[in-house]
Amino acid sequence: MWSIVLFYVLLLSTIVNGSPRTDVTVSGGSAGSAMATQLHIAFSNDISGSGLLAGPPYYCAQGSMLKVVTDCVFGFGSVNEIHKKMKSYASDGKIDKLENLLGDPVYIFRGKNDIVVTERLAKDNEEVYKPFNPNLKTNYDTNVNHGIPTENYGGKCETLNSENFLNNCNFSVAYEMLNHLYGGNLIKPTVTTRLNGKLIEFDQGAFMNRQQLDATEERRIVDTWSQWIDTTLQLMNPVNYMPVSVLPSNGNYAAKAYSISFDKTAYMYVPSRCSKGKGCSIHVALHGCRQGKERVGETVALHAGYNEVAELNNIIVIYPQVKKSLVFPINPQGCFDWWSYTNNNYANKLGPQMSAVKNIIDTVRAIHA
């Protein structure tokens, strides 16, 4: 059995390491936007674009709560310090080479009525990416408050919908953003678009930073990866192509996941044609504060508008999940780490949430490439 497990892990590693810069993109709203730009900049050898929805620029907080309540609210006069940190991280190997970012598609959105993120702060994202001559698209003119605008789900467009931060605006930011990230020719969903794929729940605790695991749990993580690969490879079989609703788990990761504010499970939408063996792109959609499954369940994963676009255009969507934590770490609103509540490496490849999300991407990529 152990030799079989090692075979699968080596196979996974070979496929992943041999396939850099495939169509893997990221996006997020608010704190999820901060995490999205962190992932894009840190793992630019593998992630080829980002959608930043009403969030601060890379390394905005700089590990300082004072920055969180000043520059990360009102915006920066200059992003020079951010660029210096990016160069330092790249020199130390903590993020990928900055030249990988050259020409990448970047989409930046901020609602015209946003009472949380100022336009100046949103535009600081432009300044961070400017030296890399991005394929940039911006939208600052939609009359929406702080949240994710959708075609037909959520609260009133102009008001702050604190229930789930989805706003019914007769406009899908998910489509506009994904269409830009994937070249501008995606099929646009309509009200009659059917979701023939499946929303899967999986144990994301198994993908935490392996450096944090002791020898016993290291074996368990390999076992679970093997189980997932075994189960999900069924998707390649045209006779039995539909995925299970919940991927296998031995239940050993809840405590470890909680140590970095990860929820125990997360979601992934697999379009119907992807589950029939078609190679598909991958998009990671990161929720904002108070938008995780602990508080809103499947609402964001089902209704933010990503899945309809994904179904028509063969894009697998991964929805990582964090939950609130009152002590060790201190994350009372259930936000992804953009200010250092996990550790000082929160914005580079060594950050525990960063490496965990990257592990999920790599595994899904290996299975569905």
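Positions -18 to -1, 1 to 351 (mature numbering (1 follows the signal peptide of the UniProt record, and there is no 0)) are the ones given, in order, by the sequence shown.
Using N, Cα and C, we set each Cβ at its ideal position, and we do this for glycine too.
Best match in the options for proximity to residue i [C-alpha to C-alpha]
i	options	result
residue 154	250, 285, 71	285
residue 264	281, 288, 271, 75	288
residue 125	145, 101, 96, 253	96
residue 45	167, 175, 327	327
residue 182	168, 251, 114, 51	251
residue 111	90, 131, 100	90
residue 405	345, 342, 271, 307	Nothing about residue 405 can be reported from this structure: the residues present for the chain run from -18 to 351 only.
residue 61	72, 349, 43, 78	43
residue 152	173, 159, 160	173
residue 140	5, 105, 92	92
residue 24	276, 168, 74, 120	74
residue 257	11, 175, 180	180
residue 122	134, 241, 105	105
residue 35	255, 297, 157	157
residue 169	296, 82, 134, 249	296
residue 299	160, 187, 188, 167	160
residue 14	349, 267, 188	267
residue 98	167, 324, 12, 323	12
residue 184	301, 163, 255, 134	301
Whole-number beta carbon distance between residue j and residue i, since they are thought to touch under 8 angstroms
i	j	result
residue 56	residue 118	Wrong, their Cβ atoms sit about 23 angstroms apart, outside the cutoff.
residue 292	residue 334	That belief does not hold up - the Cβ atoms of residue 292 and residue 334 are roughly 27 angstroms apart, past 8 angstroms.
residue 352	residue 171	For residue 352 there is no data in the structure shown, the boundaries of the chain being -18 and 351.
residue 100	residue 108	Not really, about 14 angstroms apart at Cβ, beyond 8 angstroms.
residue 303	residue 340	That pair is no contact at about 16 angstroms.
Environment of residue i [buried if 16+ CB atoms lie within 10 Å]
i	result
residue 280	exposed
residue 312	exposed
residue 332	buried
residue 353	Look at the range of the chain in this structure, -18 to 351, and you will see that residue 353 is not part of it.
residue 290	buried
residue 347	buried
residue 165	exposed
residue 94	exposed
residue 245	buried
residue 336	buried
residue 78	buried
residue 47	exposed
residue 215	In this prediction, residue 215 has a pLDDT of 39, which is less than 50 and means its spatial position is unreliable; nothing more can be read from the coordinates.
residue 310	exposed
residue 247	buried
residue 52	exposed
6 angstroms Cβ shell around residue i - same chain, five flanking residues per side excluded
i	result
residue 282	269, 273
residue 16	37, 38, 320
residue 41	64, 67, 329
residue 307	243, 313
residue 5	263
residue 54	38, 42, 43
residue 323	311, 312, 313
residue 26	78, 82, 83
residue 58	106
residue 49	43
Contact set for residue i: own chain, Cβ-Cβ below 8 angstroms, skip 5 residues either direction
i	result
residue 115	84, 85
residue 143	127, 129, 136, 137, 149
residue 69	80
residue 134	150, 152, 173
Cutoff 7 angstroms; reference residue i; Cβ partners in own chain excluding five residues on either side
i	result
residue 32	7, 8, 9, 18, 19, 22, 88
residue 30	3, 5, 6, 7, 86
residue 305	243, 245, 274, 276, 316
residue 278	146
residue 71	77, 330
residue 260	296
residue 241	none
DSSP beta-bridge partners of residue i
i	result
residue 89	33, 119
residue 6	264
residue 171	Bridge partners of residue 171: none, in fact.
residue 131	149
residue 250	182, 300
residue 313	307
residue 94	For residue 94, which the question treats as bridged, DSSP gives no partner whatsoever.
residue 56	Partner(s): none; residue 56 has no beta bridge.
residue 244	304
residue 333	The partner list for residue 333 (beta bridge, DSSP) is empty, contrary to what the question assumes.
residue 138	150
residue 11	35
Beta carbon proximity, residue i to chain B, threshold 8 angstroms
i	result
residue 105	No chain B appears in the structure shown, which is made up of a single protein chain.
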